[in-house]
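Each remark here refers to the structure printed beneath this line.
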Amino acid sequence: MNTNSNVYTVVYAAILVAVVAGILAFVSTSLSGKQQENVALEKQQLILRAAGLGAEIPAGQSKSDYIKGLWNEHIGENSFVLNANGEKIGEAEEAFAIDMKSQNSLLKKGMIEEIQLPVFVCDINGETINIFPCYGAGLWGPIWGYVAVASDYQTVVGATFDHKSETPGLGGEIANPSFQAQFAGKQLIKDGAFKSISIIKGGAPSGDENGVDAITGATITSKALDVAIASWLDLYQPYFNLKKGVVMSGDCCGDGCGECEDGCSGEHNGQHNCQHHQNSAQTVAQNVQDDCSGNCDECGKCDGQEKKVNNI
Amino acid sequence: MDKEIYKKPIFKGNPVTVLVLGICSSLAVTVQLKGACVMALSVMIVTGFSSMLVSLIRNTIPNRIRIIVQLVVVAMFVILIDQFLKAFAYDVSKSLSVYIGLIITNCIIMGRIEAFALGNKPIPSLIDGLANGFGYGLVLIVLAFVRELFGSGTIFGLQVIPQSFYDAGYVNNGLMILPPMALILVGVIVWIQRSIQKDLQEK
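Here it is, written out as structure tokens:
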């Protein structure tokens, strides 16, 4: 046979490609279950590490058992899903299954109202740490991570990041624990307003509570991470504010107050009073967990305070 | 069978130190012994089996697209290995990251297929491929052993340099972790080999 004829060459190439594609498709399908399990485990470890758990696997214990154990002990079913208004719309399982890539594309398209925001709640010896995800485009591929925030909703406990294909040794350094360690103790607040963590090229000035050092030689990845953290934490601001007790217009008491004057019974859960509008963030953090709409001012102080707070 | 087929690539015609192929990955994946061993094994499997497969179909391959055909065969094995590692050795697969995928571009593989498998029977081709992969892997393992021992004080992740050394002021050599040191070590290996094997020395 003439192996150099055009027909032979084309047919040969087509058959070869089809056979190889078939083999690869078969293998990929049959291994995908196991691979997804590994990916889920990796994600659990990344989330746990943000809260300072599970960085080291104790000798003699399998990674899978150890991480699953920690996950069930500290996070378990505590996680939930929020919408862009900070209202709870889903449970733990949904929170873990949320595909950050598609959520991020909703964010890019500006379809904020459809976005689903997972919150992982980690309980360490009675202390609650909320872990928020972030996601963005790095230099070569996606970068993502988790920022763990203490129960005051402004102190960062820790952060972990990972990437798909950043340059090893440059952009890839965002996955390095020593880079991530910089985030612990930083503040998500500046002059009373929310401020994301800035990743500063040339190094953050010492004592900067809002900034960390960027990675030398990885300007684009550093900037991308900065944007990813800022844009995602920004989405959680309605929830932060709700928890901190800063009432935004349209939320909770902001709307309710007008109606309150004739609607208050004075019996609303005993503790729910207007004091929290005056910066008593902690009281509110507890109070807003019950539904407070329309009932905020049994104390009658709402009027004046409410307007001030709304202007923040 | 000619013993040279499997003897030559290991020392006298080592792909890394004599032919200077596959340098990039041998610098990149030799920080830790575990990664180097997985890489060595992966490359052995790919070189061996792709050589054998190409040799099996060598008489049917249209000459004009033979490089593409070889590439498809090599790529198939590399993707298979990548998939298996992701399923059964996820951590290793992550630490080797792109370098598993880049086995495709490892010159040793295409080099052996072009130079040997296309003109020889399947079994010698398999042995030639495996031996070349082994020769490459051997250099990788030697490099990784030295780099992990002096760079991190560990072997296979286990601490081998005792704590008392550190207490006495011993410090891990940070340069060992970085690729430039791997290049220097490759140079040292080439130097040692050439001083043993005089016929490699240029006049």
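First to last, the sequence lines map onto chains A and B.
Residue numbers in the first sequence follow the working numbering, run continuously in steps of one, and reach 457 at the last position.
Residue numbers in the second sequence follow the working numbering, run continuously in steps of one, and reach 204 at the last position.
We put the beta carbon where it would ideally sit given N, CA and C, even for glycine.
As DSSP reads the structure, Q332 of chain A sits in a beta bridge with A:T300.
Counted as a single uninterrupted DSSP element, the beta strand (DSSP E) harbouring Y280 of chain A occupies residues 272-282.
Under the DSSP assignment, S376 of chain A falls in the alpha helix (DSSP H) whose first and last residues are 364-380. The three-state secondary structure of Y171 of chain B, taken from DSSP, is coil.
Comparing C-alpha distances from G352 of chain A to each of A:A369, A:Q327, A:K368, A:E318 shows the shortest one belongs to A:Q327. Within chain B, the residues M77, L81 have their CB atoms less than 9 Å from the CB of I168 of chain A, given in chain order. With fewer than 16 other Cβ atoms inside 10 Å of its own Cβ, P322 of chain A counts as exposed. Under DSSP, the beta-bridge partners assigned to F339 of chain A are A:I334.
Taking the C-beta atoms as reference points, V357 of chain A is found nearer than 8 Å to I344 of chain A. Measuring C-alpha to C-alpha distances from K246 of chain A to each of A:D268, A:L198, A:P287, A:G214 identifies A:P287 as the nearest. Taking C-beta separations shorter than 6 Å and ignoring five residues to either side along the sequence, the partners of V75 of chain B in its chain run S51, I105, I110, following chain order. Rounded to the nearest whole angstrom, the CA to CA distance from R113 of chain B to L57 of chain B is 14 Å. Beta-bridge partners of T155 of chain B (DSSP): B:Q160. Pairing Q180 of chain A with K95 of chain B, the inter-Cα distance amounts to about 12 Å. The count of Cβ pairs closer than 8 Å, one atom from the region 17-28 of chain B and one from the region 78-94 of chain B, stays below three, leaving the stretches out of contact. Taken in chain order, the complete alpha helix (DSSP H) segments of 4 or more residues contained in the region 59-104 of chain B are 67-89, 91-97, 99-102. Membership of K233 of chain A in the beta strand (DSSP E) is indicated by the continuous run 233-235. D268 of chain A carries a strand assignment under DSSP once its states are collapsed to helix, strand and coil. When Cβ-Cβ separations below 8 Å define contact, S173 of chain A makes contact with chain B. Burial of G303 of chain A is indicated by the presence of at least 16 other C-beta atoms within 10 angstroms of its C-beta. Judged by DSSP secondary structure, I288 of chain A falls within the beta strand (DSSP E) whose first and last residues are 287-294. Under the three-pair Cβ rule at 8 Å, the region 163-177 of chain B does not count as touching the region 77-84 of chain B. Under the three-state reduction of DSSP, G112 of chain B is assigned to helix. As a beta-bridge residue in DSSP terms, G356 of chain A pairs with A:S343.
The Cβ of Q180 of chain A sits closer than 8 Å to at least one Cβ of chain B.
Annotated three-state conformation of D307 of chain A is strand, per DSSP. At least one C-beta of chain A is nearer than 8 Å to the C-beta of Y91 of chain B.
Here L252 of chain A carries a helix assignment [DSSP, helix/strand/coil].
Contact of Q84 of chain B with chain A by beta-carbon distance below 7 Å involves V172, S173, L176.
Straight through space, the alpha carbons of Q206 of chain A and K340 of chain A are spaced by roughly 40 Å. Note that the region 174-189 of chain B touches the region 139-147 of chain B; at least 3 beta-carbon pairs, one per stretch, sit closer than 8 Å.
Within the region 99-113 of chain B, V99 place their CB atoms closer than 8 Å to a CB of chain A, listed in sequence order. With respect to chain A, the C-beta atom of P63 of chain B has a partner C-beta closer than 8 Å.
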